[in-house]
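Per the UniProt record's numbering, the very first residue in the sequence shown carries number 1; after that it's consecutive. Just so you know, even glycine gets a beta-carbon here, dropped at the ideal spot from N, CA and C.
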Amino acid sequence: MSGCVFCGIVAGEVPAFRVADEADGVAFLDTRPVFKGHVLVVPRTHLVTLADLPADALPGYFRLVQRLAVAVEAGLGSGGTFVAMNNKVSQSVPHLHTHVVPRTKGDGLRGFFWPRTRYADDAEAEDFAGRIAAALA
């Protein structure tokens, strides 16, 4: 869809630190991560909410989300992950996306207040993306 930043990332027209690029979706680092290694997973086609995802696309899309949750944990050595999706309310980009956020015990994340951070530079973002991609099963 014209003007959608996530569609631009999927098409390769908008730069992103990609972690996965597969038939079922594309995964890339969030530019304003809750914690470094925070990945967004999007379907290749422009859909706004989970209700718009066709039933036959559910297994492939959520298998990719599941694999990313495992890869974030393994690639970054985190204690676990937080997987979440907003539909309309609090959805900063109107393109279906799933957050996969690395977690560690005592990391300070409480409830639905998501403080944001930044990568020091592109090299640090590339390092995080590469570690997750390498762990992707």
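Listed in chain order, the non-local C-beta contacts of Asn87 below 6 Å within the same chain comprise Thr49 and Leu50, local neighbours out to five positions each way being set aside. For Val5 against Arg44, the beta-carbon gap comes to about 15 Å, at or over 8 Å, which does not count as contact.
Taking the Cα positions, Ala74 is about 17 Å away from Asp107. Beta-bridge partners of Pro102 (DSSP): Thr81. Under the criterion of beta carbons closer than 8 Å, Phe82 and Val101 qualify as touching, at roughly 4 Å. By the criterion of a C-beta distance shorter than 8 Å, Val19 is surrounded in its chain by Ala27, Phe28, Leu29, Val39, Leu68, Ala71, Ala129, Ile132, Ala133 and Leu136, once the five residues flanking it on both sides are discounted. Here DSSP, grouped into helix, strand and coil, assigns Gly130 to helix. Distances from the alpha-carbon of Pro59 to those of Phe35, Thr117, Asp24 and Asp52 put Asp24 closest. As for any beta strand (DSSP E) of minimum length 3 sitting wholly inside the stretch 24-92, the runs are 25-29, 39-42 and 80-84, ordered along the chain. DSSP places Asp21 in the strand class (E or B) of the three-state scheme. Pairing Lys36 with Thr117 gives a Cβ-Cβ distance under 8 Å. Exclusion of the five residues before and after Val42 leaves Phe6, Val10, Gly25, Val26, His95, Leu96 and His97 as the residues of its chain whose Cβ lies within less than 7 Å of its Cβ.
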